[in-house]
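Peer 1: One structure follows; several queries about it will come next.
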Amino acid sequence: MPQKIIIDTDPGVDDAMAIFFALRSPELDVIGLTTIFGNVHTELATVNALRLLAIAGRTDIPVAEGAHDPLTGPFEGPVPYVHGDDGQGNVNLPPADNRAIPQTAAAFIVEQVMAAPGAITLVPIGPLTNIALALRLEPRIAANVKNVVLMGGNALVPGNASPSAEANIHNDPEAADIVFGAGWPVTMVGLDVTHKTNMTPEHLDAYAQADNPLAQHIARIVPFYRAYFERSFSGVKGIYVHDSSAIAYVIDPTLFEVERWPIRVATQGISRGKTWPALPGVTGPAWEGRPLVNVCVGVDADRVVALELDRLT
Ligand code: BDR
Ligand code: CA
Numbered sequence: 013m014p015q016k017i018i019i020d021t022d023p024g025v026d027d028a029m030a031i032f033f034a035l036r037s038p039e040l041d042v043i044g045l046t047t048i049f050g051n052v053h054t055e056l057a058t059v060n061a062l063r064l065l066a067i068a069g070r071t072d073i074p075v076a077e078g079a080h081d082p083l084t085g086p087f088e089g090p091v092p093y094v095h096g097d098d099g100q101g102n103v104n105l106p107p108a109d110n111r112a113i114p115q116t117a118a119a120f121i122v123e124q125v126m127a128a129p130g131a132i133t134l135v136p137i138g139p140l141t142n143i144a145l146a147l148r149l150e151p152r153i154a155a156n157v158k159n160v161v162l163m164g165g166n167a168l169v170p171g172n173a174s175p176s177a178e179a180n181i182h183n184d185p186e187a188a189d190i191v192f193g194a195g196w197p198v199t200m201v202g203l204d205v206t207h208k209t210n211m212t213p214e215h216l217d218a219y220a221q222a223d224n225p226l227a228q229h230i231a232r233i234v235p236f237y238r239a240y241f242e243r244s245f246s247g248v249k250g251i252y253v254h255d256s257s258a259i260a261y262v263i264d265p266t267l268f269e270v271e272r273w274p275i276r277v278a279t280q281g282i283s284r285g286k287t288w289p290a291l292p293g294v295t296g297p298a299w300e301g302r303p304l305v306n307v308c309v310g311v312d313a314d315r316v317v318a319l320e321l322d323r324l325t
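Going by the working numbering, the sequence shown opens with residue 13, and the numbers climb by one from there.
This is the structure:
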């Protein structure tokens with residue numbers, strides 16, 4: 013039986029790649045997309061999610077729009093220099109004909125998880141606001157979800173949105189601290205592994221060669237995203253694989269090496285958004301009583317890249 017997943021997303025070039033990777037993987041059954049601010053404002057994230065499902069011929073999958081702002085303050089704004097003004101590499105996509113369902117992301121998540129206890133895995137690949145709101149709406153989802161596999165955070169490596177923090181967590185650290193502390197099975201697929209996983213220009217060329225609409229869309233949107241990596245990270249050619257790494261984990265956790273640590277998220281000062289693990293031998297009051305989280309620290313990067321290319325090209 014394929015695993016039922018809900019992808020919470022801010023599309024986003026790499027979000028598009030991850031959504032398509034999931035849609036083309038027989039191990040997974042994508043039962044919904046929920047949207048969040050991050051790479052773009054939430055309204056545009058919703059339009060992009062609808063557009064991506066139309067490209068994939070999967071308008072049967074519901075899209076539920078999520079929060080427009082973090083839990084404790086206004087959204088600081090999108091990153092057009094990473095994903096384009098449209099979040100899809102400035103390729104002028106046509107408007108979406110399909111519509112979001114009249115239910116919030118948090119309400120959709122609660123309804124789906126409670127209707128299928130133990131069956132649904134949440135895969136957040138954007139800021140964690142919707143997931144925290146769903147927990148607030150119905151705390152029992154913590155006992156009824158199958159897994160939460162999120163792209164975000166940095167345990168032992170520097171950040172990308174600031175020297176200390178990764179972008180998804182930096183966009184709503186308060187929400188992330190709730191999610192890491194909820195006592196449900198959480199796996200953090202963060203920069204510790206995604207910055208070790210590189211899709212080279214040769215890999216990216218395979219999308220352009222592939223004769224399917226999903227790969228063709230990726231081939232159109234990825235050059236803008238690739239240019240961001242090549243000017244921002246010295247020596248990098250191609251892209252780092254962020255959101256698709258979370259999908260790869262759900263398909264095959266053996267691709268990753270995992271440690272189990274409690275995580276706190278800094279909400280103040282220059283560390284705002286930093287995911288701090290309590291490593292063995294050194295703890296402190298802030299980590300006491302906190303649940304253990306699976307933190308990905310190693311990855312078979314070649315196999316992750318090969319798996320995604322196998323599904324999409
Ligand atoms: C994360 O930030 C966003 O730009 C990407 O879509 C990914 O979810 C990487 O830090
Ligand atoms: Ca994302």
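Don't be surprised by glycine CBs; every beta carbon is placed ideally from N, CA and C.
From a predicted model like this one, the values you see are computed outputs, not experimental measurements.
Can you list, in chain order, the residues of its chain with a C-beta nearer than 6 angstroms to that of T71? Leave out the 5 residues immediately preceding and following it.
Peer 2: Numbered from its first residue, the sequence shown carries residue 71 at position 59. So the list reads L65, N110, once near-sequence residues are dropped.
Peer 1: Decide yes or no for the touch test of the region 188–206 against the region 231–243: beta carbon pairs closer than 8 angstroms, at least 3 of them.
Peer 2: Not touching, per the Cβ criterion.
Peer 1: Which parts of the region 218–254 are runs of the alpha helix (DSSP H), unbroken and 4 residues or longer, counting only runs that do not cross its ends?
Peer 2: You should have 225–244.
Peer 1: So, at 7 angstroms on beta carbons, what are the nonlocal neighbours of Y252 in its own chain, with the 5 sequence-adjacent residues on each side left out?
Peer 2: Taking the sequence shown and counting its residues from 1, one reaches residue 252 at position 240. The answer, listed in chain order, is T206, H207, T209, N210, F241.
Peer 1: Determine the DSSP secondary structure at P289, reduced to helix, strand or coil.
Peer 2: Working through the sequence shown from its first residue, we reach residue 289 at position 277. If DSSP states are grouped into helix, strand and coil, P289 belongs with the strands.
Peer 1: List the residues that DSSP assigns as beta-bridge partners of Q280.
Peer 2: Sequence index remark: in the sequence shown, residue 280 carries index 268 (1-based). None; Q280 has no bridge partner.
Peer 1: Taking 8 angstroms as the cut-off, does the region 267–279 touch the region 295–309 (at least 3 CB pairs, one atom from each stretch)?
Peer 2: In short, these stretches touch, since the Cβ pair count reaches three.
Peer 1: Pick helix, strand or coil for V198, following the three-state DSSP scheme.
Peer 2: Taking the first residue of the sequence shown as 1, we reach residue 198 at position 186. It is a strand residue.
Peer 1: Comparing the CB of G138 with every heavy atom of ligand 2, is any distance shorter than 6 angstroms?
Peer 2: The sequence position of residue 138 within the sequence shown is 126, counting from 1. Because some heavy atom of ligand 2 lies under 6 angstroms away, the Cβ of G138 counts as near it: yes.
Peer 1: What three-state label does DSSP hand Q124 in the structure shown?
Peer 2: Here the question's residue 124 lines up with position 112 in the sequence shown. If DSSP states are grouped into helix, strand and coil, Q124 belongs with the helices.
Peer 1: Can you tell me whether Y219 is buried or exposed, with buried defined as 16 or more other CB within 10 angstroms of its CB?
Peer 2: Here the question's residue 219 lines up with position 207 in the sequence shown. It counts as buried.
Peer 1: So is G200 buried or exposed if we call it buried at 16+ other beta carbons inside 10 Å?
Peer 2: Along the sequence shown, one-based indexing puts residue 200 at 188. Residue 200 is actually Met in this sequence, not Gly. It is buried - the Cβ of M200 has at least 16 other Cβ atoms within 10 Å.
Peer 1: Residues in the same chain with beta-carbon distance under 6 angstroms from I143, minus the five sequence neighbours each way, listed in chain order, please.
Peer 2: Working through the sequence shown from its first residue, we reach residue 143 at position 131. So the qualifying residues of the chain are P136, V191.
Peer 1: From the DSSP secondary-structure annotation, give me the bridge partner or partners of N159.
Peer 2: The residue labelled residue 159 in the question sits at position 147 within the sequence shown. DSSP output for N159 lists T133 as bridge partner(s).
Peer 1: Quick check on DSSP: helix, strand or coil for N210?
Peer 2: Numbered from 1 along the sequence shown, position 198 holds the residue referred to as residue 210. It is a strand residue.
Peer 1: Cβ-heavy atom distance between N102 and ligand 1 below 6 angstroms?
Peer 2: Sequence index remark: in the sequence shown, residue 102 carries index 90 (1-based). Checking the Cβ of N102 against ligand 1 gives no.
Peer 1: Any idea what DSSP makes of D314, helix, strand or coil?
Peer 2: Taking the sequence shown and counting its residues from 1, one reaches residue 314 at position 302. D314: helix per DSSP, three-state reduction.
Peer 1: What residue from F32, I17, P14, D22 has the CA that sits closest to R323's CA?
Peer 2: Against the sequence shown, residue 323 aligns to sequence position 311. That would be F32, whose Cα lies nearest to the Cα of R323.
Peer 1: Using only alpha-carbon positions, find the residue among A34, L147, T212, M13 that is nearest to A68.
Peer 2: The residue you call residue 68 lines up with position 56 of the sequence shown. It is A34.
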